[in-house]
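Same order as they appear, the protein sequences are chains A and L.
Going by this note's numbering, the first sequence opens with residue 4, and the numbers climb by one from there.
Going by this note's numbering, the second sequence opens with residue 5, and the numbers climb by one from there.
A short write-up of the structure that comes next.
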Amino acid sequence: MSCQCTNEPACRTRTPEQAEKYNELERYISTIPLEKVPDRKRGYLIQILHKAQHIFGYLPEDVQKYIAERLKISHAEVYGVISFYSYFTDKPVGRYKINVCIGTACFVKGAGKVLEEFKRRLNIKEGETSGDGKFFLGSLRCVGACSLAPVVMVNDRVYGNVTAEKVGEILKECTD
Amino acid sequence: MKVNLKINDLPVAVESGSTILEAAEQLDIRIPTLCHFKMDCFHVEHKCGSCRVCVVEVKGRPNLAPACCTPVMEGMEVKTNTLRVINARRTILDLLLSDHPKDCLICPKNLNCQLQALAQEMGLHHLLYKGEQSTYNKDLSSAAIARDLDKCIMCRRCETACNTIQTVGVLSAVGRGFQTVVAPAGLHPLVETECVFCGQCVQACPVGALSEMDYKYDVWRALNDPSKTVVVQTAPAVRVAIGEAFGLEPGSISTGKLVTALRMLGFDKVFDTDFAADLTIMEETTELIERVKSGKNLPILTSCCPGWVKFLEHQFPKLIYMPSTAKSPQQMMGAVLKSYYAEKIGVKPENLIVVSVMPCLSKKYEAKREEFSHDGVPDVDIVISTRELADMIREAGIVFQDLDEQDYDSPLGESTGAAVIFGASGGVLEAALRTAADWIAGKDLENIEFTAVRGLDGIKEAEVEVAGLKLKAAVCSGLGNARKLLEKIERGEADYQAIEIMACPGGCLNGGGQPYHHGDMTILKKRLDALYREDTGKPIRKSHKNPSIQKIYEEFLGEPGSHLAHHLLHTTYVNRKQ
Numbered sequence: 004m005s006c007q008c009t010n011e012p013a014c015r016t017r018t019p020e021q022a023e024k025y026n027e028l029e030r031y032i033s034t035i036p037l038e039k040v041p042d043r044k045r046g047y048l049i050q051i052l053h054k055a056q057h058i059f060g061y062l063p064e065d066v067q068k069y070i071a072e073r074l075k076i077s078h079a080e081v082y083g084v085i086s087f088y089s090y091f092t093d094k095p096v097g098r099y100k101i102n103v104c105i106g107t108a109c110f111v112k113g114a115g116k117v118l119e120e121f122k123r124r125l126n127i128k129e130g131e132t133s134g135d136g137k138f139f140l141g142s143l144r145c146v147g148a149c150s151l152a153p154v155v156m157v158n159d160r161v162y163g164n165v166t167a168e169k170v171g172e173i174l175k176e177c178t179d
Numbered sequence: 005m006k007v008n009l010k011i012n013d014l015p016v017a018v019e020s021g022s023t024i025l026e027a028a029e030q031l032d033i034r035i036p037t038l039c040h041f042k043m044d045c046f047h048v049e050h051k052c053g054s055c056r057v058c059v060v061e062v063k064g065r066p067n068l069a070p071a072c073c074t075p076v077m078e079g080m081e082v083k084t085n086t087l088r089v090i091n092a093r094r095t096i097l098d099l100l101l102s103d104h105p106k107d108c109l110i111c112p113k114n115l116n117c118q119l120q121a122l123a124q125e126m127g128l129h130h131l132l133y134k135g136e137q138s139t140y141n142k143d144l145s146s147a148a149i150a151r152d153l154d155k156c157i158m159c160r161r162c163e164t165a166c167n168t169i170q171t172v173g174v175l176s177a178v179g180r181g182f183q184t185v186v187a188p189a190g191l192h193p194l195v196e197t198e199c200v201f202c203g204q205c206v207q208a209c210p211v212g213a214l215s216e217m218d219y220k221y222d223v224w225r226a227l228n229d230p231s232k233t234v235v236v237q238t239a240p241a242v243r244v245a246i247g248e249a250f251g252l253e254p255g256s257i258s259t260g261k262l263v264t265a266l267r268m269l270g271f272d273k274v275f276d277t278d279f280a281a282d283l284t285i286m287e288e289t290t291e292l293i294e295r296v297k298s299g300k301n302l303p304i305l306t307s308c309c310p311g312w313v314k315f316l317e318h319q320f321p322k323l324i325y326m327p328s329t330a331k332s333p334q335q336m337m338g339a340v341l342k343s344y345y346a347e348k349i350g351v352k353p354e355n356l357i358v359v360s361v362m363p364c365l366s367k368k369y370e371a372k373r374e375e376f377s378h379d380g381v382p383d384v385d386i387v388i389s390t391r392e393l394a395d396m397i398r399e400a401g402i403v404f405q406d407l408d409e410q411d412y413d414s415p416l417g418e419s420t421g422a423a424v425i426f427g428a429s430g431g432v433l434e435a436a437l438r439t440a441a442d443w444i445a446g447k448d449l450e451n452i453e454f455t456a457v458r459g460l461d462g463i464k465e466a467e468v469e470v471a472g473l474k475l476k477a478a479v480c481s482g483l484g485n486a487r488k489l490l491e492k493i494e495r496g497e498a499d500y501q502a503i504e505i506m507a508c509p510g511g512c513l514n515g516g517g518q519p520y521h522h523g524d525m526t527i528l529k530k531r532l533d534a535l536y537r538e539d540t541g542k543p544i545r546k547s548h549k550n551p552s553i554q555k556i557y558e559e560f561l562g563e564p565g566s567h568l569a570h571h572l573l574h575t576t577y578v579n580r581k582q
């Protein structure tokens with residue numbers, strides 16, 4: 004199943020890599036029986052957004068419009084849902100997603116200082132991605148590893164007993 | 005099936021499915037509301053229950069219930085004014101006001117604000133809560149609609165107007181909690197969106213969060229510039245609504261007073277957009293007959309409404325060959341004034357300032373479309389709404405209701421009954437049919453009222469037979485209805501030859517720039533009646549019989565559809581699909 008969008012100019016300017024991502028999204032959407040539920044298409048919005056974010060890494064405006072058109076709802080409505088859930092993001096996210104746990108145990112053991120050190124070294128704020136697109140810095144509340152507090156996650160990897168001094172080492176390990 | 009209940013100990017029986025609010029209305033018991041918005045003649049009811057101002061006590065329920073969205077039940081006992089209810093309402097209002105600017109004195113909705121009215125009604129004189137205040141940048145990006153989100157109370161009425169009624173779909177709640185705002189996707193400024201500037205959101209907004217872009221001062225400056233000749237044109241729907249701003253009964257016809265007031269403000273000439281409406285009929289009807297005879301490019305769609313045209317350009321770009329190429333009356337008037345008239349009075353186009361008074365906010369955007377400027381000189385320089393003109397009249401110390409009645413200036417002030425009904429949904433089509441019938445039959449027909457296309461219904465149909473030529477026509481107002489009709493056309497399920505479309509439900513009489521009706525639909529019905537009364541009272545009721553129209557073709561344009569007419573009075577459309 005190829006791209007179903009009627010937005011021809013945008014469609015033509017896509018790189019083959021982007022086009023393949025749209026095709027993957029379309030393959031997913033085509034498994035949903037949209038035509039059977041003319042009035043309840045918006046009910047599928049969140050699961051499609053999940054899939055799209057998984058494919059694209061984030062939800063750029065073109066993808067939002069594509070989904071809006073496929074579900075026959077307005078772009079504003081799609082954006083409203085994306086903005087409501089902190090899980091969804093419409094900004095590109097760095098290849099290394101650094102999340103500092105600031106749950107109670109980690110916070111008491113000095114997670115605040117760890118977070119500050121990441122901000123200082125990467126020169127970005129919480130929720131931002133570095134200019135080179137390599138690092139994303141965020142915080143989360145408890146990953147269930149309180150005995151290792153303070154805890155930092157980089158993509159799927161967990162670092163325990165992190166101190167401000169160890170931040171440099173963690174960043175060094177992030178090599179492309 | 006009827007349901008029996010008691011409100012404040014008074015028994016009442018209402019249809020099942022009714023709300024407590026509706027039951028209370030039957031007993032003439034007033035329950036204050038704020039987010040609730042009902043336009044029954046367009047079958048729209050916004051009752052999201054977000055503001056909670058309408059809470060009442062229901063016996064047997066632990067919590068207070070919002071009257072606007074709680075259905076009645078058999079045996080229900082409701083109290084609308086107990087101490088508990090009053091305290092709750094005051095707290096709610098107090099909390100709403102804690103995050104609302106207190107600059108009512110300089111707010112564009114001052115004295116037209118439903119939050120202000122509620123605070124007064126509930127006698128709220130002390131505020132208990134001080135908390136965080138929203139601070140957003142104003143969105144003044146478009147020429148038509150101003151957004152001041154600090155004033156938004158999250159009633160979501162604008163969303164219903166934009167998404168449900170108009171299906172334009174530009175507005176949505178964005179974010180969550182205290183940071184929530186109603187905004188376009190991506191928080192983009194309005195000018196970068198598919199907004200058509202119909203202004204139905206401005207009509208729906210109970211507070212000053214949405215209002216028109218204000219051009220009054222530009223008009224004052226032009227009027228006081230000795231190097232400029234300043235002329236004004238007034239749209240049909242203005243004359244049946246402006247009186248409301250001065251306490252006149254809705255439905256009062258204020259045409260004569262309007263002209264007098266404009267002269268007193270200092271306009272050099274007062275012309276009537278109705279003249280240009282007659283001109284529009286000449287061009288559009290010529291095109292209609294051509295297309296019907298050739299059977300090509302049907303149906304023909306009307307093109308007077310800039311909101312509707314922009315909607316088509318964004319949402320149905322494949323159909324942009326369908327609208328008549330005739331410009332809207334506002335723009336025809338501008339084009340004629342800056343060419344024919346400027347030459348006639350010996351003034352350079354750049355020294356002739358054309359001001360429009362419109363019931364519409366989209367006209368502000370239309371005047372700025374690049375097709376409507378020549379060498380940087382716009383055909384229409386400044387557009388103000390009915391409300392802005394009322395403000396100017398008041399500011400100038402003119403007592404509108406006591407004015408005598410004067411006539412428009414000649415020659416661009418002469419008009420027919422066919423033109424005045426442009427202000428109502430169905431009017432443009434009826435005016436075109438009056439002329440088409442005469443032209444096809446080759447004689448002056450007497451039966452000129454096509455009543456099937458009148459009224460506030462969203463979609464109207466009529467089949468007319470004129471001298472053997474059968475015409476199937478449709479009229480629709482409100483863009484949600486337009487969408488339904490256009491989708492039918494796209495699927496090839498409609499066989500109309502002519503369709504009139506107006507963006508605002510009911511047509512221009514319910515435009516975004518008209519005095520606020522706050523959901524009172526009787527006002528719209530009275531404006532509608534007034535337009536048809538004005539039509540009936542006119543000595544000439546067919547556009548092609550207007551002597552000034554006949555003269556402008558003789559002297560200047562040649563004939564309808566001529567090369568010069570095409571150059572001046574016709575336009576093109578743009579595919580705006582993003």
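Glycine residues also receive a C-beta, built at the ideal position from the N, C-alpha and C atoms.
On a predicted model such as this, the values are computed, not experimentally measured, just so you know.
query, result
"Test item: CB-CB of residue 308 (chain L) and residue 515 (chain L) under 8 Å", "no"
"Chain-ordered chain L contacts of residue 86 (chain A) [CB-CB under 8 Å]", "178, 179 and 180"
"Residue range of the beta strand (DSSP E) that includes residue 276 (chain L)", "273-276"
"Any chain A beta carbon closer than 8 Å to residue 189 (chain L)", "yes"
"Distance CB(residue 265 (chain L))-CB(residue 397 (chain L)) smaller than 8 Å", "yes"
"Within-8 Å CB hit, residue 4 (chain A) to chain L", "For residue 4 (chain A), the predicted structure reports a pLDDT of 47, less than 50, and the residue's modelled location is therefore unreliable. A value from the coordinates is still provided. No, no contact with chain L."
"Between the CA atoms of residue 386 (chain L) and residue 222 (chain L) - distance to the nearest angstrom", "7 Å"
"Rounded separation between residue 28 (chain L) and residue 163 (chain L) - CA only", "27 Å"
"Three-pair Cβ contact test at 8 Å for the segment 316-333 of chain L versus the segment 528-537 of chain L", "no"
"From L:247, L:210 and L:100, residue whose alpha carbon lies closest to that of residue 41 (chain L)", "L:210"
"Partner residues on chain A for residue 175 (chain L), Cβ-Cβ distance less than 7 Å", "79"
"Cα-Cα separation between residue 351 (chain L) and residue 482 (chain L), rounded to whole angstroms", "40 Å"
"Contact set between the segment 44-72 of chain A and chain L, restricted to residues whose Cβ is under 9 Å from the partner", "64, 67, 68 and 71"
"Under 7 Å from the C-beta of residue 167 (chain L): neighbouring residues of chain A", "77"
"Collapsed DSSP secondary structure at residue 63 (chain L) in the structure displayed", "coil"
"Distance CB(residue 543 (chain L))-CB(residue 426 (chain L)) smaller than 8 Å", "no"
"Reference residue 329 (chain L), options L:178, L:311, L:292 and L:9, closest by Cα", "L:292"
"Under the three-state DSSP convention, the category residue 554 (chain L) falls into", "helix"
"Proximity of residue 521 (chain L) and residue 170 (chain L) at Cβ, strictly below 8 Å", "no"
"Option nearest residue 547 (chain L) by Cα separation, candidates L:176, L:437 and L:504", "L:437"
"Within the segment 37-90 of chain A, ranges of the alpha helix (DSSP H) (whole runs, at least 4 residues)", "48-59, 64-74 and 78-87"
"CB contact flag (residue 233 (chain L), residue 272 (chain L), <8 Å)", "yes"
"Chain L contact for residue 130 (chain A) (CB, 8 Å cutoff)", "no"
"Nonlocal neighbours in the same chain, by C-beta distance under 8 Å from residue 77 (chain L), ignoring five residues either side", "7 and 9"
"CB of residue 503 (chain L) within 8 Å of CB of residue 305 (chain L), strictly", "yes"
"Helix, strand or coil at residue 19 (chain L) according to DSSP, with G and I counted as helix", "strand"
"Inter-residue Cα distance where the pair is residue 296 (chain L) and residue 186 (chain L)", "45 Å"
"Below-8 Å beta-carbon distance, residue 99 (chain A) vs any chain L residue", "no"
"Residues sharing a beta bridge with residue 505 (chain L), DSSP", "L:480"
"For residue 567 (chain L) and residue 506 (chain L), the rounded distance between their alpha carbons", "28 Å"
"Reduced DSSP secondary structure (H/G/I, E/B, other) of residue 410 (chain L)", "coil"
"Local conformation of residue 260 (chain L) per DSSP, three classes", "helix"
"Cβ-based burial, residue 217 (chain L) [other Cβ within 10 Å; buried from 16]", "buried"
"Rounded straight-line distance, which links the Cα of residue 29 (chain A) to that of residue 4 (chain A)", "Caution is warranted here: a pLDDT of 47 is assigned to residue 4 (chain A), below 50, making its placement in the model unreliable, and the coordinate value is therefore given only provisionally. Between residue 4 (chain A) and residue 29 (chain A), the C-alpha separation is close to 6 Å."
"Burial state of residue 494 (chain L), where buried means 16 or more other Cβ atoms lie within 10 Å", "exposed"
"Delimiting residues of the beta strand (DSSP E) encompassing residue 236 (chain L)", "233-238"
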